[in-house]
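Read in order, the letters of the sequence shown are residues 40 to 306 in the working numbering. Just so you know, even glycine gets a beta-carbon here, dropped at the ideal spot from N, CA and C. Okay, structure first, notes after.
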Amino acid sequence: MTTPDFGDDVRFAHTLADAADAVSLERFKALDLQVETKPDLTPVSDADRTIEERIRSTLSRSRPRDAVLGEEFGASGQSARRWVIDPIDGTKNYIRGVPVWATLIGLMVDDVVVAGVVSAPALDRRWWAARGQGAWSGRSLARASRCQVSDISSIGDASLSYSSLGGWEEVGRLEQFFRLSRRTWRTRAFGDFWSYVLVADGAVDIACEPSLALHDMAAISVIVEEAGGCFTSLDGVPGPLGGNALATNGRLHDEVLVLLSPDGPPD
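Quick look at the structure:
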C-alpha cells in the first residue's frame, strides 16, 4: 500500500507559520502586550489570539473543508482532516521575554497526526515532518537537515528534559518522576516544545510531561516519530491522545514506561 504524500500540507503549514511568526515577533517584548488569565489560570496574550485568528482565517479560505482545533478558540468544523493549532506554546516564556516559544501546527487525518510544523522564530529554527517522509530542521524548507534521535541505549547515559515538578506532584506521580530522574545521567527543564524537538534532534534522549492537551502534542509527536523516536502517553498509548506525553529515542521507551508507572521498580 502506497503511503499518502502529505508534502503539500507541510508546505502549506509553513505558510501558516510564516504568518504566525510575523505576529509573534512583532509583539514579543512589546510594551503594550496585553496579557489575561484564562479560567484554567494560565496566561494568554493578545499575540496568542491574533495568531490563531489569522491561521483560522487562512484555513477557511484555503482549506474550507478541514476542521480546526485551536487552544484559544476551540473546535470548529467536522472533517476527517483536522488542523490542530497552538498559537504560542510557551506563553509564560513569551510574556517574560524568554525566547523559547513556538507556534505548533499539526494536521490529523482520522485521529492520526500526518504532518507537523514547529516554528520558533526567536530561535531562528523550525522543525517539521510528514508521515513516512522523515523529520527536518532548519530555517526554511530550502535550508534544512534531517532530524535523527540519539542511539543512547542505557538510562544511565540518558539526558532527561521536563517542564516542571509541580505538574508531577499534582497528578500524584512525583515519586515516579524522581525514580526516573535519579537513574538518568542528566536532567534539565528545557520545557514545552523545546524538550521534544531536542529529542528529535538527538540532543535529549527522554522528554515527558504529566498533563498536556492535544494542541500541545500533535505537531511534536509526528516530528519525534519521523526522527526515529517513540511518542506515547505515560501509559504507553501511541500518539498524542492520552492527555500526557513520553517521548524517547525509542531504545529507552519501554524501560522509562516501567520507571514512570505506579507499580514500577523500587529505587
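Quiz item: Whole-angstrom Cβ separation of V156 and A252, contact assumed at under 8 Å?
Solution: Taking the first residue of the sequence shown as 1, we reach residue 156 at position 117. Taking the first residue of the sequence shown as 1, we reach residue 252 at position 213. At roughly 18 Å, the Cβ-Cβ gap does not stay under 8 Å, so V156 and A252 are not in contact.
Quiz item: What whole-angstrom Cβ distance do R120 and A106 have, given they're in contact under 8 Å?
Solution: Walking along the sequence shown from the start, residue 120 turns up at place 81. Walking along the sequence shown from the start, residue 106 turns up at place 67. That pair is a contact at about 7 Å.
Practice problem: List the whole-angstrom C-beta distance separating R185 from V261, where the pair is believed to meet the contact cut-off of C-beta under 8 Å. | Solution: Residue numbering aside, residue 185 sits at position 146 when the sequence shown is read from its first letter. Residue numbering aside, residue 261 sits at position 222 when the sequence shown is read from its first letter. Not a contact, Cβ separation roughly 14 Å.
Quiz item: Ends of the beta strand (DSSP E) at V125?
Solution: What you label residue 125 is simply residue 86 of the sequence shown in a count that begins at 1. Checking the sequence, you will find Asp at residue 125 rather than Val. It spans 120-128 - the beta strand (DSSP E) in which D125 sits, taken as one unbroken run.
Quiz prompt | Limits of the unbroken beta strand (DSSP E) element including W167 | solution = Walking along the sequence shown from the start, residue 167 turns up at place 128. First-last of the beta strand (DSSP E) with W167: 164-169.
Exercise. Under the assumption that I127 contacts I94 (Cβ atoms under 8 Å), give the Cβ distance between them as a whole number of angstroms.
Key: Residue mapping note: residue 127 aligns to position 88 of the sequence shown, counting from 1. Residue mapping note: residue 94 aligns to position 55 of the sequence shown, counting from 1. The Cβ separation is near 12 Å, so there is no contact.
Practice problem: Tell me A114's beta-bridge partners as DSSP assigns them. | Solution: Taking the first residue of the sequence shown as position 1, residue 114 is located at position 75. A114 pairs with L108.
Quiz item: Buried or exposed: where does G205 fall if 16 or more other Cβ atoms within 10 Å of its Cβ makes it buried?
Solution: Residue numbering aside, residue 205 sits at position 166 when the sequence shown is read from its first letter. Counting Cβ neighbours within 10 Å, G205 comes out exposed, since fewer than 16 surround it.
Self-check item: The beta strand (DSSP E) enclosing A81, as first and last residue numbers
Solution: To locate residue 81, count along the sequence shown from 1; it is residue 42. The sequence given here places Thr at residue 81; Ala does not occur at that position. Careful: T81 lies outside any beta strand (DSSP E) and carries neither H nor E.
Quiz item: Helix, strand or coil for L285 per DSSP?
Solution: Here residue 285 refers to the residue found at position 246 of the sequence shown. It is a strand residue.
Quiz item: When DSSP builds the beta bridges, which residues end up paired with F216?
Solution: The residue given as residue 216 occupies position 177 in the sequence shown. None, per the DSSP bridge assignment.
Practice problem: Determine the extent of the beta strand (DSSP E) in which R182 is found, giving its start and end residues. | Solution: Along the sequence shown, one-based indexing puts residue 182 at 143. 182-185 is the extent of the beta strand (DSSP E) around R182.
Exercise. Confirm, please, whether the CB-CB distance from Y235 to A246 is below 7 Å.
Key: Taking the first residue of the sequence shown as position 1, residue 246 is located at position 207. Taking the first residue of the sequence shown as position 1, residue 235 is located at position 196. Taking 7 Å as the Cβ cut-off, A246 and Y235 qualify as a contacting pair.
Self-check item: Residue burial classification, G278 (beta-carbon count within 10 angstroms, cutoff 16)
Solution: Numbered from its first residue, the sequence shown carries residue 278 at position 239. Buried, by the Cβ-count rule.
Self-check item: Backbone CA spacing between S220 and T226 [nearest angstrom]
Solution: In the sequence shown, residue 220 corresponds to position 181, counting from 1. In the sequence shown, residue 226 corresponds to position 187, counting from 1. Whole-angstrom Cα-Cα distance: 7 Å.
Quiz item: CA-CA distance, W233 and G46?
Solution: Stepping through the sequence shown from its first residue, residue 233 is reached at position 194. Stepping through the sequence shown from its first residue, residue 46 is reached at position 7. W233 and G46: Cα-Cα distance of roughly 24 Å.
Quiz item: In terms of DSSP beta bridges, what is R227 paired with?
Solution: For this step, residue 227 is matched to residue 188 along the sequence shown. R227 pairs with S200.
Practice problem: Using a threshold of 7 Å, state whether the C-beta atoms of V148 and G268 are closer than that. | Solution: Here the question's residue 148 lines up with position 109 in the sequence shown. Here the question's residue 268 lines up with position 229 in the sequence shown. No. Outside cutoff.
Self-check item: Pair within 7 Å by beta-carbon distance, A161 and A239
Solution: To locate residue 161, count along the sequence shown from 1; it is residue 122. To locate residue 239, count along the sequence shown from 1; it is residue 200. No, the pair does not count as a contact, with Cβ atoms beyond the cut-off.
Quiz prompt | Paired residues, beta bridge with I194 - DSSP | solution = Counting from 1 along the sequence shown, the entry for residue 194 is found at position 155. Note: I194 sits in no beta bridge, so no partner.
Exercise. Under 8 Å Cβ to Cβ from M40, same chain only, skipping five residues before and after it: list those, please.
Key: Mapped onto the sequence shown, residue 40 falls at position 1. In this predicted model, M40 has a pLDDT of only 46, less than 50, meaning its place in the structure is not dependable; the value taken from the coordinates is given anyway. Closer than 8 Å at the Cβ level, and outside the excluded window around M40, lies no residue.
Self-check item: The beta strand (DSSP E) enclosing S176, as first and last residue numbers
Solution: As a working mapping, residue 176 is identified with position 137 in the sequence shown. From DSSP, the beta strand (DSSP E) with S176 extends over 174-179.
Self-check item: 8 Å contact criterion, which G177 and A183 should meet: CB distance rounded
Solution: What you label residue 177 is simply residue 138 of the sequence shown in a count that begins at 1. What you label residue 183 is simply residue 144 of the sequence shown in a count that begins at 1. G177 to A183, Cβ: 4 Å. Contact.
Quiz item: If you drop the 5 nearest sequence neighbours on each side, which residues of the same chain put their C-beta closer than 7 Å to that of E65?
Solution: Along the sequence shown, read from residue 1 onward, the residue named residue 65 stands at position 26. Its chain contains no residue whose beta carbon lies nearer than 7 Å to that of E65 once the 5 sequence neighbours on both sides are disregarded.
Practice problem: Round the Cβ separation of L146 and A61 to the nearest angstrom and send it over; I've been treating them as touching at under 8 Å. | Solution: Counting from 1 along the sequence shown, the entry for residue 146 is found at position 107. Counting from 1 along the sequence shown, the entry for residue 61 is found at position 22. No, L146 and A61 are not in contact; Cβ-Cβ is about 21 Å, not under 8 Å.
Quiz item: Helix, strand or coil for G205 per DSSP?
Solution: Within the sequence shown, residue 205 is the residue found at index 166, counting from 1. It is helical.
Practice problem: Please check the pair E110 and H254, which I expect to be a contact at CB under 8 Å, by giving their CB distance rounded to whole angstroms. | Solution: Translated into the one-based positions of the sequence shown, residue 110 becomes position 71. Translated into the one-based positions of the sequence shown, residue 254 becomes position 215. With a Cβ gap of about 5 Å, E110 and H254 count as contacting.
Quiz item: Expressed to the nearest angstrom, what Euclidean distance is found between the alpha-carbon atoms of G230 and S101?
Solution: To locate residue 230, count along the sequence shown from 1; it is residue 191. To locate residue 101, count along the sequence shown from 1; it is residue 62. About 33 Å.
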